[in-house]
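Converting from the sequence shown to my numbering requires adding 72 to each position, the first position being numbered 1.
The beta-carbon is built from N, C-alpha and C at its ideal position, and this holds for glycine as well.
Following: one structure in structure tokens, then a few remarks.
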Amino acid sequence: MSGSQVKRVTVLGAGLMGHGIAQVCAQTAGYDVTLLDVKQDFVDRGMSMIKDSLAKFVAKGGLDKGKADEILSRIHPTLDLKEAVERSELVIEAATEDPKLKLDLYRKVSEYLRPGAILASNTSSISITLLGSVTKNPENVAGMHFFNPPQLMPLIEVIRGAKTSDATVEAIRAAAKQMGKEAVLCKKDSPGFIVNRILLPALTEAALLVSEGVATPEDIDKAVTLGLNWPMGPLKLLDYVGLDTALAISEVLMQEFQDPKYRPSLLLRQMVRAGLLGRKSGQGFYEWTERNPKSK
Ligand code: CAA
């Protein structure tokens, strides 16, 4: 399969990342998109987030209303995995960052994929080689890692698993270009790939500063935004990405490298146990209104 042959894309998971990826596929790449989740509520929420995001582009004058409606009409929500997968040349998995859940999903998806179709994972840290190992065609499996919010962030990390073919890597690069993104290639299937291996220790360190009482979340974020010119401080970014997702990535990094620098902070674990997941649950290091955080 080459990138130019991709016309139909399926996105598995309509959550924080999946809805944005589906939107980019329809809006920028012009693909016909199927968006799948396991519950009607989840699919409805994903479609509603896409509508909100399209409305922001319209409000800013970057998109006219008719075009936004046309983009929306090219995204087909479904709960049926077989129907979702069997027609597409490219399937992008954006399910919850849980290895067992993903492996179960890959086994099933592999049964339904059409010959030559590519299965790309948006995983933040789970081994692409492992995901490919439970499929019939691991040469067609690779990482395609987007950044939150996918509608605005210009990067895609392309990750080569142990058995990923050159043709698959090239097809994903071509699809990334079609989506208007810059791609970087992670030549080895290394935990956390490039960005999260650098980012997660910084986010963990920020959570440690809070738990040690060194500074308030507001001052830590202010320090990093003004001192390092990050668009968001690390604690706001933790809330934005989701504390559960950040914890899952840290756990994979810790388990794979066995290096204490990747150990997640106790505060992060406790906040996840308490359901303080950040923006998605309405509360994390900050309380979140519809759009922006307000200080506690
Ligand atoms: N769709 C469309 N437009 C959107 C949008 C969306 N989903 N989200 C925000 N916008 C628009 C807003 O409408 C706003 O437009 P105007 O400037 O015209 O008003 C603009 O983007 C800026 O938004 P906000 O004013 O709400 O907030 P902001 O100025 O802080 O920008 C941001 C938001 C672009 C997300 C910026 O804060 C940022 O770049 N933050 C860092 C994000 C980041 O680091 N992401 C990577 C996380 S790591 C990851 O994803 C990997 C992983 O595996 C964990």
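Cut-off 6 Å between Cβ atoms - residues of its own chain near residue i, not counting five sequence neighbours on either side
| i | result |
| --- | --- |
| residue 152 | none |
| residue 101 | 250 and 251 |
| residue 171 | 198 |
| residue 278 | 292, 306 and 307 |
| residue 159 | 80 |
| residue 178 | 203, 206 and 207 |
| residue 140 | 126 and 130 |
| residue 294 | none |
For residue i, the first and last residue of its enclosing alpha helix (DSSP H)
| i | result |
| --- | --- |
| residue 289 | 289-300 |
| residue 94 | 90-99 |
Segment limits, beta strand (DSSP E) that includes residue i
| i | result |
| --- | --- |
| residue 115 | No beta strand (DSSP E) contains residue 115, which is instead part of the alpha helix (DSSP H) from 112-131. |
| residue 83 | 80-84 |
| residue 109 | Per DSSP, residue 109 belongs to no beta strand (DSSP E) and is neither H nor E. |
Classification of residue i by the beta-carbon crowding that lies within 10 angstroms, buried from 16 upward
| i | result |
| --- | --- |
| residue 330 | exposed |
| residue 286 | exposed |
| residue 303 | exposed |
| residue 186 | exposed |
| residue 240 | buried |
| residue 174 | buried |
| residue 99 | buried |
| residue 86 | buried |
| residue 120 | exposed |
| residue 131 | exposed |
| residue 194 | buried |
| residue 109 | buried |
| residue 182 | buried |
| residue 116 | exposed |
| residue 347 | exposed |
| residue 361 | exposed |
| residue 93 | buried |
| residue 169 | buried |
| residue 345 | exposed |
| residue 165 | buried |
| residue 238 | exposed |
Cut-off 8 Å between Cβ atoms - residues of its own chain near residue i, not counting five sequence neighbours on either side
| i | result |
| --- | --- |
| residue 180 | 153 |
| residue 338 | 283 |
| residue 95 | 122, 125, 126, 143, 147, 222 and 223 |
| residue 225 | 218 and 219 |
| residue 333 | 273 |
| residue 254 | 226, 227, 228 and 248 |
As assigned by DSSP and simplified to three states, the class of residue i
| i | result |
| --- | --- |
| residue 135 | coil |
| residue 267 | helix |
| residue 169 | coil |
| residue 255 | strand |
| residue 141 | helix |
| residue 151 | coil |
| residue 161 | coil |
Proximal residues to residue i (C-beta, below 7 Å), its chain only, five neighbours per side dropped
| i | result |
| --- | --- |
| residue 352 | 88 and 314 |
| residue 374 | Any property of residue 374 remains undetermined from this structure, which presents the chain solely from 73 to 368. |
| residue 264 | 197, 272, 321 and 325 |
| residue 210 | 204, 233 and 235 |
| residue 349 | 314, 315, 316 and 356 |
| residue 176 | none |
| residue 268 | 196, 197 and 321 |
| residue 280 | 337 |
| residue 103 | 78, 79, 80, 81 and 97 |
| residue 312 | 220, 304, 350 and 351 |
Any non-hydrogen atom of the ligand NAD within 6 Å of residue i CB
| i | result |
| --- | --- |
| residue 222 | Looking at this structure, you won't find the ligand NAD anywhere; what it does contain is the ligand CAA. |
Minimum Cβ-Cβ distance from residue i to chain D less than 7 Å
| i | result |
| --- | --- |
| residue 313 | Considering every chain present, this structure includes no chain D. It has just one protein chain. |
> Counting only runs that start and end within the region 175-247, where is the alpha helix (DSSP H) found for 4 or more residues in a row?
Replying inline: 200-205
> Taking only runs of the beta strand (DSSP E) that begin and end inside the region 272-356, which ones reach a length of at least 3 residues, in chain order?
Replying inline: none
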